[in-house]
Structures are given as structure tokens and as C-alpha cells.
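Residue numbers (this note's numbering): 834 to 1127.
All C-beta atoms in this analysis are idealised placements derived from N, C-alpha and C, irrespective of residue type, glycine included.
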Amino acid sequence: MKQLLPPASIGFVGTGVMGKSMVRHLLKAGYTVYVYNRTKEKTADLIEEGAQWCDSPKEIAGTVDVVMTMVGYPHDVEEVYFGENGILTQAKQGTITIDFTTSTPTLAKRIYEEGKSKGIYVLDAPVSGGDVGAKEGRLAIMIGGDEEVYTACLPLFELLGKNIILQGKAGSGQHTKMCNQIAIASNMLGVCEALAYAKKAGLQPEKVLQSISTGAAGSWSLSNLAPRMLQDDFEPGFYVKHFIKDMNIALAEAEELGLSAPGLTLARELYEQLMQDGEENSGTQALYKQYIKE
């Protein structure tokens, strides 16, 4: 299988906060990119920059060499791949599909098996790094699927990310993303608690952050999200509602594996309280609001 180099054609379904930046990297590299989004207006700037519009995932699938998807929830993934206007109804034999959505390992395996029966190659490739990682082309990409397909797609992945690892067979990318989200969940509690403690102790949180972010406590969340918390910037790089979705998947998978996850359970509880306060469309850093309530 040959590597996919320009001017190979790529379809991209889901041009939200992260998908839009990913499309831009592909366009700049010289790929022909077709786009679809449920809200067409959200693709207007991409079309001005050279992307071409398609009316459905089905239309995209019949047009391109590679179909990429980045949607919200597992039920969206299911609709995009298996629905009446879905990718697998129209994709040609030899087409490659790459799902960047954080979804369930079970669904990833189902897409793989259905694709295989039709001569379509499938990778699950959830990402981490948020809006900043997407804009800078520095995402971590966790991939499940066949090695020859991964190798063929490597030039594409290298435009989008810096930490690109084939984790194993279909579904392995999604399982790895669950590990990522479990680690983030408890870390976010620690970041919020540390900043709230600094404030209560009469310290200058910005100075505290300078000290602790480069030591043993350092983390991506501390370096990238804590400054936003202190600036009251709660715009989404990653939505609260989508993080809750991920935690629900992780807890369900952990239960299947017979694994207790108390840190993850507490994090979900706090984020659900945040969502009940109307913050579902805020960024995950809005959890800080739960700690500084009067």
C-alpha cells in the first residue's frame, strides 16, 4: 500500500473547533479536501481557503481516497458511518477511513469489521491536545488498526500531530484514549484544587503557577489550562459535555474490565454538577468555577 501524498483527495466530516484546524493543515500541504458539517455555515471559511463542499458523508465517501471524521458522540459516529447517508454505504473498495472522534472501542471494532467486509480500510485514531494542539499540528494521535494502513496514512498524521503511535488492532486507539482521559480527569481536580488553595492562602496564583508548573507537578493541563482559569477564560478548547461523554465511556469500559476508578468517578460527579450549572458548552477548565464559588 502506497503512502498517501498530495494530491490525494481527502474528505473531512465534522469541522468543529478541532476539525477546522486539521483541515487547514491538509489544505496547506496540497491535498484536495472535501468537507461536510451538519451546519454548512461552519465550513464557509474553509471553502474560501480551498476546501470543497459535499452535501453528505455519503457523497464525500464516493469521491475521495481517504475519509476522516471528527464528530461529537458515538451515536454521531454510528450515523456518519452506518446511516442512510453514511460513509460505508458509498465508499469505494480501497478507500481508507480514519475516525478521530473519541468513541467506544466496541464501535471502532464494528466499523473495522464492516469496512473489511467491503474492502474498505479502517483506523480508529482519537486525538489529544485540544484546540491548541490542533492549531499547531501537535496532537497526540492514538491509532488502532492494521500496520500497512497506518504506514500509508503516516504522511497525513504527521501534518496533524507530533506523537503518533500505532497502539494495536482495531479499537486499541480508543482504549488508549480512555487511558488519556482517565489521567486528565484526576489531574484536572488537582489543578483546580491547587489554584483554589493558592487563592485562599492569599498567594498570587500566577506566581504559584510559575513555580509549580515546571516541577514534579507539571502537566499539560497545568501549563495550558490553568492560565486560562486565572484569566476567567472558559472558552472551549474541549467542551465540558464532550469530556463527560468520554468519562462515561471510560467508566463503562472500566466496569467491563472489573477495574475500580474512584478518581474518575469523582471527576465525573463534579463535571456533571458543572453541567447542571449551565456550563456544558464551556471548556473543561471551567471546573475551576466549582472551587471558587462563594
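Check	Outcome
Should His908 be labelled buried (16 or more other beta-carbon atoms within 10 Å of its own) or exposed?	exposed
My assumption, with CB atoms under 8 Å, is that Leu837 sits in contact with Cys986. Please give the rounded CB distance.	6 Å
Measuring only the C-alpha atoms, how far is Tyr1121 from Phe1067?	9 Å
Between Val868 and Ile920, what straight-line distance do the alpha-carbon atoms span, to the nearest angstrom?	13 Å
Looking at the strands, I want to know which residues DSSP matches up with Met975.	Ile998
Assign Ser950 to one of two classes, buried (16 or more other C-beta atoms within 10 Å of its C-beta) or exposed (fewer than that).	exposed
Going along the chain, which residues of its own chain have a beta-carbon closer than 6 Å to the beta-carbon of Gly852, five neighbours each way excluded?	Met903
Please report the residue range of the alpha helix (DSSP H) in which Ile920 lies.	Where Ile920 is concerned, there is no enclosing alpha helix (DSSP H), given that its DSSP letter is neither H nor E.
Classify Asp878: buried if its beta carbon has 16 or more other beta carbons within 10 angstroms, exposed otherwise.	exposed
For Thr865, write down the residues that DSSP places opposite it in a beta bridge.	Ser842
For Ala967, count neighbouring Cβ atoms within 10 angstroms of its own Cβ and tell me buried if that reaches 16, exposed if not.	buried
In whole angstroms, what is the alpha-carbon distance linking Gln1118 and Lys1033?	19 Å
Given Asn870, which residues of its chain have a CB within under 7 Å of its CB, disregarding the five upstream and five downstream residues?	Gly847, Thr848, Thr876
Between Ile893 and Thr922, what straight-line distance do the alpha-carbon atoms span, to the nearest angstrom?	11 Å
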